[in-house]
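Taking it in order: structure first as structure tokens, then the write-up.
Residue numbers (full-length UniProt numbering): 1 to 139.
Right, here's the structure in full:
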């Protein structure tokens, strides 16, 4: 909600700068489209940030399994050395976490309608380019 208020605030400021108090000024069409283009770029940048965060989270989730198996290998030799800590229980818990992390594939979706990944970014850019081409052809 805060980001939407920020976007609308930027749009109002740019519109006021371009048009002033009167809406009947002789502003070229290219400058009149500036608020809409800036708002679109702002929305697109938020989308890129969201998609990148989701992709990095999925990537780190896959690395969790490797880290857990490496830790379990490190704890396997410590069972005989220390009598205070029960490294067998720690190793068992780490292996259980590794098993769960390998079985559960993380996937971010938008209400199960579509997955949020870099394919979505390509689809967003393709849609924007299509609309720009249609707009240019209508001129």
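Where is the CB? At the ideal position from N, CA and C, for every residue including glycine.
Query raised in the report: Distance, Cα to Cα, residue 127 vs residue 65?
Result: In the chain shown, counting from the first residue as 1, residue 127 sits at position 127. In the chain shown, counting from the first residue as 1, residue 65 sits at position 65. If I take the Cα positions, the gap works out to 37 Å.
Query raised in the report: Any idea which residues DSSP pairs residue 115 with across the strands?
Result: Residue numbering aside, residue 115 sits at position 115 when the chain shown is read from its first letter. Within the DSSP secondary-structure output, residue 115 pairs in a beta bridge with 109.
**Report entry** Other residues of its chain near residue 114: CB distance less than 7 Å, five sequence neighbours each side excluded
**Finding:** Along the chain shown, one-based indexing puts residue 114 at 114. Scanning its chain for C-beta atoms nearer than 7 Å, with the 5 sequence neighbours on each side dropped, one finds around residue 114 the residues 120, in chain order.
Requested in this report: Report all residues from its chain with a CB closer than 8 Å to the CB of residue 21; omit the five preceding and five following residues, and keep chain order.
Outcome: Counting from 1 along the chain shown, the entry for residue 21 is found at position 21. At residue 21, the pLDDT of 49 sits below 50, so the modelled position is not reliable and the matter cannot be decided from this model.
Query raised in the report: Quick one, are the C-beta atoms of residue 69 and residue 98 less than 8 Å apart?
Result: Stepping through the chain shown from its first residue, residue 69 is reached at position 69. Stepping through the chain shown from its first residue, residue 98 is reached at position 98. Between residue 69 and residue 98, the CB-CB gap stays under 8 Å.
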